[in-house]
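K.L.:
Heads up: the sequence shown begins at 1 in UniProt numbering, then just goes up one per residue.
Glycine included, each C-beta is placed from N, C-alpha and C at the ideal position.
Since this is a predicted model, take the numbers as computed values, not measurements.
The structure follows.
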Amino acid sequence: MCTPSSAQNSGVDDVPAIDAAIKTCGNGGIIVIPIGVTYSIRSVLSFTGCVNCDFQIEGTMKLSDNTTFWNGKKTVYDIASVTGLHMHSVTGTGLIDGNGVPYWTLFAEDSSFARPTLVTITSSTSITISNLHFRNAPNVFHSVSGGSTNIIYDGLQLDATSTATVTAKNTDGFDVGSSSHVTIKNTNVVNQDDCVALKPGSDFALVQNITCNGSHSLSVGSLGKGVGSSDKVTNAFLGPATMINSAKAVGIKLYEGGSSHGVATVSNITWSDITVKNCDYAVQIQSCYSASNTSNCLANTDSLTGVVFKNIVGTTSSHYSPVVANINCSPSATCNVTLPGFNVKPPSGTAQILCSNIDGSPSVTCTGPASG
């Protein structure tokens, strides 16, 4: 077992000591960040030396406020080409502090400031992150991509709350890209962007027992942004979940069609047992996201098949009231979408569900055309 030393000085980088511990104990061993000790993270921490290792965090790992150094860095905690890593807390006291306020503040002043993702998993397999608290990520909290497989996030608390005048922008909880068999469960997220976003290449994602507060959505997308791209999200199950104060509880974001964008395929995706509390929409499908040319929206040839929103219940906010769902598919697209057991009400009045170009019966009564 290795316990790296900490200078216990925010101006001194503790990453070299942690690197040394990973080199010594990373092959099947245990590295411990002890309770009551704060480690200053002033450079990228790579886990490449971990092979079936146990990284136990009982204390605090805090990102430095050196925004100049971190500008343009992809990530803070880099889990790349790793096979077998369990990052966790036994006591539940472990904290990874992203020290977000100086990063959010600088980004509000200069949108070209490129903030790092807090934890990135790429080209890795058999990674479990559990029973930890992540606070105030400078940008996205967690990202998985690069064909990673068998990734588990379990029992996490993610909290991005700004005490400054700036908002905690782009603090996605989980961005799940090119990967298979990613599980997110028993987790609470408080943030101001997507709670979970299934990105291009996500296959066999499972999200269950999650609560999201203040987020944008539990969503698929956005897809089809790049010129000539062919973006796919397939085989996902999301729920049960509780969505509180969200822009939309659940949904799909698709860019417009045409030569300036690509094509999206969304197949075999189910949201089930979703409780809606004061969300602007319960369900939203956008086929014209960030559109600059409405004719390209009509030409969108995306394919949505086997998309199910099952047992979505609760109450929306007054923002779009009495509209509770807005499901907009392009007339040129395939849109096989159903909403069995849908029972969401506005704060007052009779619920309105807006739908356009759905193939077959959506299992709800549509009250008007959709947009967006």
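Between residue 164 and residue 171, which are expected to be in contact by the criterion C-beta below 8 Å, what is the C-beta distance as a whole number of angstroms?
P.N.:
Residue mapping note: residue 164 aligns to position 164 of the sequence shown, counting from 1. Residue mapping note: residue 171 aligns to position 171 of the sequence shown, counting from 1. Contact doesn't hold; Cβ gap of about 14 Å is too wide.
K.L.:
Can you tell me whether residue 309 is helix, strand or coil according to DSSP?
P.N.:
As a first step, residue 309 is located in the sequence shown; it is residue number 309 there, counting from the start. Strand, per DSSP.
K.L.:
What's the call for residue 137, buried or exposed, on a 16-neighbour Cβ count within 10 Å?
P.N.:
As a first step, residue 137 must be located in the sequence shown, where it is residue number 137. Residue 137 is buried by the Cβ-count criterion.
K.L.:
Is the beta carbon of residue 116 less than 8 Å from the beta carbon of residue 76?
P.N.:
As a working mapping, residue 116 is identified with position 116 in the sequence shown. As a working mapping, residue 76 is identified with position 76 in the sequence shown. Yes; because the gap between Cβ atoms is below 8 Å, this pair is in contact.
K.L.:
What three-state label does DSSP hand residue 18 in the structure shown?
P.N.:
Here residue 18 refers to the residue found at position 18 of the sequence shown. Helix, per DSSP.
K.L.:
Between the Cα of residue 123 and those of 192, 46, 79, 302, spot the shortest distance and give me the residue it belongs to.
P.N.:
Here residue 123 is taken as the residue at index 123 of the sequence shown, counted from 1. Ranking 192, 46, 79, 302 by Cα distance to residue 123 puts 79 first.
K.L.:
How would you write the range of the beta strand (DSSP E) that residue 84 sits in, first residue to last?
P.N.:
Numbered from its first residue, the sequence shown carries residue 84 at position 84. Taken as a continuous stretch (DSSP letters only), the beta strand (DSSP E) holding residue 84 covers 83-88.
K.L.:
Within 10 angstroms of its Cβ, does residue 1 collect 16 or more other Cβ (buried), or is it exposed?
P.N.:
Stepping through the sequence shown from its first residue, residue 1 is reached at position 1. Classification of residue 1: exposed, given that the 10 Å Cβ count is below 16.
K.L.:
Give the single residue among 88, 36, 127 whose Cα lies nearest to the Cα of residue 155.
P.N.:
Here residue 155 is taken as the residue at index 155 of the sequence shown, counted from 1. Cα-wise, what sits closest to residue 155 is 88.
K.L.:
At the level of alpha carbons, what is the spacing between residue 271 and residue 253?
P.N.:
Taking the first residue of the sequence shown as 1, we reach residue 271 at position 271. Taking the first residue of the sequence shown as 1, we reach residue 253 at position 253. When rounded, the distance between both Cα atoms is 15 Å.
K.L.:
Report the rounded CA-to-CA distance for residue 44 versus residue 313, giving the unit in angstroms.
P.N.:
Within the sequence shown, residue 44 is the residue found at index 44, counting from 1. Within the sequence shown, residue 313 is the residue found at index 313, counting from 1. Each residue's alpha carbon lies about 43 Å from the other.
K.L.:
Between the alpha carbons of residue 143 and residue 149, how many angstroms are there, rounded?
P.N.:
Numbered from 1 along the sequence shown, position 143 holds the residue referred to as residue 143. Numbered from 1 along the sequence shown, position 149 holds the residue referred to as residue 149. Going by the C-alpha atoms only, they are around 13 Å apart.
K.L.:
Count the other CB atoms within 10 Å of the CB of residue 357; is the residue buried (16 or more) or exposed (fewer)?
P.N.:
Stepping through the sequence shown from its first residue, residue 357 is reached at position 357. By the 10 Å Cβ count, residue 357 comes out buried.
K.L.:
At 3 residues or longer, and completely inside the region 256-300: list those beta strand (DSSP E) runs for me, N to C.
P.N.:
Entirely contained in the region 256-300, the beta strand (DSSP E) runs reaching 3 residues are, in chain order, 263-279, 281-289.
K.L.:
Just to confirm the assignment, what range does the alpha helix (DSSP H) spanning residue 106 have?
P.N.:
Residue numbering aside, residue 106 sits at position 106 when the sequence shown is read from its first letter. Note, residue 106: alpha helix (DSSP H), 100-109.
K.L.:
Quick one, are the C-beta atoms of residue 300 and residue 257 less than 8 Å apart?
P.N.:
Here residue 300 is taken as the residue at index 300 of the sequence shown, counted from 1. Here residue 257 is taken as the residue at index 257 of the sequence shown, counted from 1. Yes, they are a contact pair.
K.L.:
Return yes when the C-beta of residue 51 is under 7 Å from any heavy atom of the ligand ADP, and no when it is not.
P.N.:
In the structure on display, the ligand ADP does not appear, and there are no ligands present to speak of.
K.L.:
Quick check: residue 189 and residue 201, are their CB atoms within less than 8 Å of each other?
P.N.:
Here residue 189 refers to the residue found at position 189 when the sequence shown is read from its first residue. Here residue 201 refers to the residue found at position 201 when the sequence shown is read from its first residue. Cβ atoms of residue 189 and residue 201: not closer than 8 Å.
K.L.:
Would you kindly work out how many angstroms separate the C-alpha atoms of residue 240 and residue 273, rounded to a whole number?
P.N.:
Locating residue 240 in the sequence shown gives position 240, where the first residue counts as 1. Locating residue 273 in the sequence shown gives position 273, where the first residue counts as 1. Whole-angstrom Cα-Cα distance: 5 Å.
K.L.:
Measure from the alpha carbon of residue 192 to the alpha carbon of each residue in 225, 210, 139, 221, then state which is nearest.
P.N.:
Walking along the sequence shown from the start, residue 192 turns up at place 192. Nearest option by C-alpha distance: 139.
K.L.:
Using the C-alpha atoms, what's the distance from residue 55 back to residue 30?
P.N.:
The residue labelled residue 30 in the question sits at position 30 within the sequence shown. The residue labelled residue 55 in the question sits at position 55 within the sequence shown. Approximately 6 Å between the Cα atoms of the pair.
K.L.:
Could you tell me how far apart the beta carbons of residue 218 and residue 238 are, in whole angstroms, since I believe they sit closer than 8 Å?
P.N.:
For the purposes of this step, residue 218 is identified with residue 218 of the sequence shown, where counting begins at 1. For the purposes of this step, residue 238 is identified with residue 238 of the sequence shown, where counting begins at 1. Rounded, the Cβ-Cβ distance is 6 Å, consistent with contact.
K.L.:
Look at the Cβ atom of residue 166, then the Cβ atom of residue 104, and state whether they are nearer than 8 Å.
P.N.:
In the sequence shown, residue 166 corresponds to position 166, counting from 1. In the sequence shown, residue 104 corresponds to position 104, counting from 1. Yes, these two residues count as a Cβ contact at 8 Å.
K.L.:
Grab the span of the alpha helix (DSSP H) containing residue 69 for me, first residue to last.
P.N.:
In the sequence shown, the residue the question calls residue 69 occupies position 69. Run containing residue 69: 67-70, per the alpha helix (DSSP H) assignment.
K.L.:
Give the straight-line distance between the Cα atoms of residue 22 and residue 278, rounded to the nearest whole angstrom.
P.N.:
Reading the sequence shown from its first residue, position 22 is the one you call residue 22. Reading the sequence shown from its first residue, position 278 is the one you call residue 278. Their backbone Cα atoms lie some 45 Å apart in a straight line.
K.L.:
Where does the unbroken beta strand (DSSP E) through residue 210 begin, and where does it stop?
P.N.:
On the sequence shown, residue 210 is found 210 positions in, with the first residue counted as 1. Where residue 210 is concerned, the enclosing beta strand (DSSP E) stretches over 202-213.
K.L.:
Between 152, 195, 214, which lies nearest to residue 205 when the distance is taken from Cα to Cα?
P.N.:
The residue given as residue 205 occupies position 205 in the sequence shown. If we check each option's Cα against that of residue 205, 152 comes out closest.
K.L.:
Helix or strand or just coil, what does DSSP make of residue 373?
P.N.:
Any property of residue 373 remains undetermined from this structure, which presents the chain solely from 1 to 372.
K.L.:
Do residue 309 and residue 344 have their C-beta atoms closer together than 8 Å?
P.N.:
Counted from its first residue, the sequence shown places residue 309 at position 309. Counted from its first residue, the sequence shown places residue 344 at position 344. In this structure, residue 344 does not lie closer than 8 Å to residue 309 by Cβ.
K.L.:
Given residue 36, which residues of its chain have a CB within under 7 Å of its CB, disregarding the five upstream and five downstream residues?
P.N.:
Mapped onto the sequence shown, residue 36 falls at position 36. 59.
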